[in-house]
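Colleague:
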Amino acid sequence: MASRGNFNSKIGFIAAAAGSAVGLGNIWKFPFEVADGGGAAFVLMYLGFCFILCFPVMVTEIAIGRKTQKDPVGAFGALGFPKWKFLGKMGVLAGVLILSFYNVVAGWAFGYFLEMLMGNFAIGGQFGDYIKDVVKIGAYGAVFMFSTAFIVSKGVSGGIEKASKILMPTLLILIISLVAYAMTLPHAMEGVKFYLVPDFSEINFEVVYSALGQAFFSLSLGMGALITYGSYVSKDENIISSAALITLTDISVAFLAGLMMFPFVAYMSEGNLHEVTGGPGLIFATLPGVFESFGPILGIIVGASFFLLLSFAALTSTVSLLEVPVAYAVDELKIDRKKAVWLIAIIIFIVGIPSLMANGYSPFFSSFITYMGNDNPTDFMTLVSDIANDSLLPLGGCLISFFGAYVWKKHNLNEEIAQGYPNYHGSFVEKFINLMVSYFCPIVLGIIFILTV
Ligand code: PHE
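All letters in the sequence shown, in the order written, are residues 1 to 453 by our numbering.
1) When every heavy atom of the ligand PHE is checked, does at least one fall within less than 7 Å of the C-beta of GLY25?
2) Within the same chain, show all residues whose beta-carbon is closer than 6 Å to that of GLY38, passing over the 5 residues directly before and after it, in chain order.
3) Among ILE344, MET436 and LYS132, which has the Cα closest to the Cα of SER355?
4) Just the C-alpha distance for ALA182 and VAL341, rounded to the nearest angstrom, thanks.
5) So what does THR378 bridge to, in DSSP terms?
6) For PHE217, is the beta carbon positioned less than 7 Å from some heavy atom of the ligand PHE?
7) Just to check, is the beta-carbon of ALA225 closer than 7 Å to a non-hydrogen atom of the ligand PHE?
8) Can you tell which of ILE346, GLY396 and PHE449 has the C-alpha that lies nearest to the C-alpha of MET145?
9) Can you tell which of VAL105, GLY80 and GLY25 has its C-alpha closest to the C-alpha of VAL407?
10) Can you check whether the CB of LEU413 is closer than 8 Å to the CB of ALA17?
11) Which residue comes first and which comes last in the alpha helix (DSSP H) that contains GLN214?
12) Between which two residues does the alpha helix (DSSP H) harbouring ASP336 extend?
13) Who are the Cβ neighbours of VAL290 in its own chain at under 6 Å, not counting the five residues just before and after it?
14) What do you reckon, is the C-beta of ALA21 under 7 Å from a heavy atom of the ligand PHE?
15) Report the rounded CA-to-CA distance for ILE455 versus ILE166, giving the unit in angstroms.
16) Please report the distance separating the alpha-carbon of SER366 from that of ASP71.
17) Distance check for TRP84 and GLY426, CA to CA, integer angstroms please.
18) Between the segment 277-285 and the segment 23-32, do at least 3 Cβ pairs fall closer than 8 Å?
19) Are MET442 and PHE402 closer than 8 Å when you measure CB to CB?
20) With distances taken between CB atoms, is the gap from VAL319 to THR148 smaller than 8 Å?
21) Okay, do the segment 326-341 and the segment 300-310 touch, 3+ Cβ pairs below 8 Å being the bar?
22) Is ALA2 helix, strand or coil when you go by DSSP?
23) Where do the ends of the alpha helix (DSSP H) carrying THR467 lie?
24) Using 10 angstroms around the beta-carbon of HIS187, count the other beta-carbons present and answer buried if the total reaches 16, otherwise exposed.
25) Look at the alpha carbon of MET1 and the alpha carbon of PHE294, and state the distance between them as a whole number of angstroms.
26) Looking at ALA388 and VAL437, is the spacing between their C-beta atoms short of 8 Å?
27) Ignoring anything shorter than 4 residues or poking outside the segment 63-145, list the alpha helix (DSSP H) runs there in chain order.
28) Of the choices LEU392, TYR439 and ASN238, whose alpha-carbon is the least far from that of ALA467?
29) Suppose contacts are defined by Cβ-Cβ distances below 8 Å. Is CYS54 in contact with ALA215 by that definition?
30) Write down the C-beta distance between ALA418 and TYR195 rounded to the nearest angstrom, noting that I regard them as a contact closer than 8 Å.
31) From the DSSP output, in three-state form, read off LYS189 for me.
32) With burial defined as no fewer than 16 other Cβ atoms inside 10 Å of the residue's Cβ, what is the status of VAL57: buried or exposed?
33) Go to ASN272, then tell me how far its alpha helix (DSSP H) extends in each direction, as first and last residue.
34) If we call anything under 8 Å between Cβ atoms a contact, is GLY23 one with ALA313?
35) Judging by CA-CA distance, which residue of VAL135, ALA254 and LEU87 is the nearest neighbour of ASN359?
Spelled out as structure tokens, the structure:
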């Protein structure tokens, strides 16, 4: 056990798991998914999915991890169900795919930090050209992957825990200040209305499906990241309250990011919100202009801090993404931790090269495939992200809840949860978790998955 490492404290685990959850998913992806999904109706669905479907899956993941003290593949073996190791392997695959494109976007964020430092606010209007520059973005991506590997190689408490504890709260304070500023801008209320007043006619199956994918992606669920982090947690910790705190933190940051972005978008577009195209460029195209309005000095300070903290938020997520295949390699394949870290980081960086070239540089990867009834071809990066976030993660969640309820069995799951939660047995919470894990999660997630293939 000692050689695997552990979280030093309760707050350390929560900070690290919340650090995994809070990342580009909340600040970069959530606002543009909301914009593309028609606004508040998407937000409502996302919130519902987080509480009803994702929370029980999160509890199950942490319980499996803590019970077995193993990586996501080994965990299923340790519980006595080696046939279910495929589920862990699917998680490792999802982790590799997600990190491969996530690292590219993290490279954009880090690059924007440097642009803001130089006071280049015009970059917002040149975003399309900016991401075409594969040499530059590739170099930032390499720096990012290097930093991720460096932290992961330091082990669980030394690297991951320490970094998360300082950076998460700082980011939160900056976002809250920006929300307050956003509210004072002209047209702010139009943005807030788009974000918070639902128009249910905007809902179609694709929106449901992407809200679900977003919920899983944002909470780092369905691929064993929380089995892995759960494996470093001590027995006297309350899994339910930890999972609740992680979920609430993640949702709050996403919610605040939206509350910051839509008034900004409304301000920059002078209230013509419906003309705004969302997409992956949303924050990168919008924010530099907002920071410019602060004046040169303050603009540089706020702009650079924002993108630096965004990069750090991404870093605490990439760390958890890399930790999954690394834990697998260390525990199952018996590879030395340092070796595993660097080898896997290099492989994932290479897997990410087509995604790097899919944003205008290579016509082949930039309009890779036409699918899901869309007339416009989808680029390679979006394809990888759709497969991993919208399909593999909810499928993983479906199977993890099924596994918890019917294979490992409910009473074993409950037994594990009850350690660190003395009054759990017979409580409302236990009933809720049982109901969701046995019926709601596997059935609803299963149906949605089947409808998408
Ligand atoms: N939750 C992270 C984010 O929102 C991404 C992530 C997904 C991290 C899956 C780990 C596992 O940015």
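Virtual Cβ for every residue (Gly too), placed ideally from N, Cα, C. It should be emphasised that the depicted structure is a prediction, and the values quoted were computed from it without experimental measurement.
Modeller: Straight from the coordinates:
1) Because some heavy atom of the ligand PHE lies under 7 Å away, the Cβ of GLY25 counts as near it: yes.
2) GLU202
3) Considering only alpha carbons, the answer is LYS132.
4) Pairing ALA182 with VAL341, the inter-Cα distance amounts to about 41 Å.
5) ILE369
6) The closest heavy atom of the ligand PHE lies less than 7 Å from the beta carbon of PHE217.
7) yes
8) ILE346
9) Of the candidates VAL105, GLY80 and GLY25, the one whose C-alpha sits nearest the C-alpha of VAL407 is GLY80.
10) no
11) 205-218
12) Here ASP336 belongs to no alpha helix (DSSP H), and DSSP marks it neither H nor E.
13) Taken in chain order, the residues that qualify are PHE264.
14) Yes, the Cβ of ALA21 comes within 7 Å of a heavy atom of the ligand PHE.
15) Limits of the chain in this structure are 1 at one end and 453 at the other, which puts residue 455 out of reach.
16) 35 Å
17) 29 Å
18) Yes, the segment 277-285 touches the segment 23-32.
19) As written in the sequence, residue 442 is Pro, which differs from the Met given in the question. In this structure, PHE402 lies closer than 8 Å to PRO442 by Cβ.
20) Cβ distance < 8 Å, so VAL319 and THR148 count as in contact.
21) no
22) Confidence at ALA2 is low in this model, with a pLDDT of 36, below 50, so its placement is unreliable and the value that follows should be read with caution. Coil at ALA2, not helix or strand.
23) Residue coverage of the chain in this structure runs from 1 to 453, which leaves residue 467 outside it and unanswerable.
24) buried
25) Interpretation of MET1 is limited by its pLDDT of 37, a score under 50 that renders its predicted location unreliable; the figure taken from the coordinates is listed afterwards. Using only the alpha carbons, I get a separation of about 51 Å.
26) No, these two residues do not count as a Cβ contact at 8 Å.
27) 72-78, 85-117 and 127-130
28) Since the displayed the chain opens at 1 and closes at 453, residue 467 lies outside it and no answer follows.
29) yes
30) The beta-carbon distance between ALA418 and TYR195, rounded to whole angstroms, is 40 Å. This is too long to meet the 8 Å contact definition.
31) Note that residue 189 is Met in the sequence shown here, rather than Lys. Note: MET189 maps to helix in three-state DSSP.
32) Taking every protein chain shown into account, the CB of VAL57 has 16 or more other CB atoms within 10 angstroms, so this residue is buried.
33) Here ASN272 belongs to no alpha helix (DSSP H), and DSSP marks it neither H nor E.
34) yes
35) VAL135
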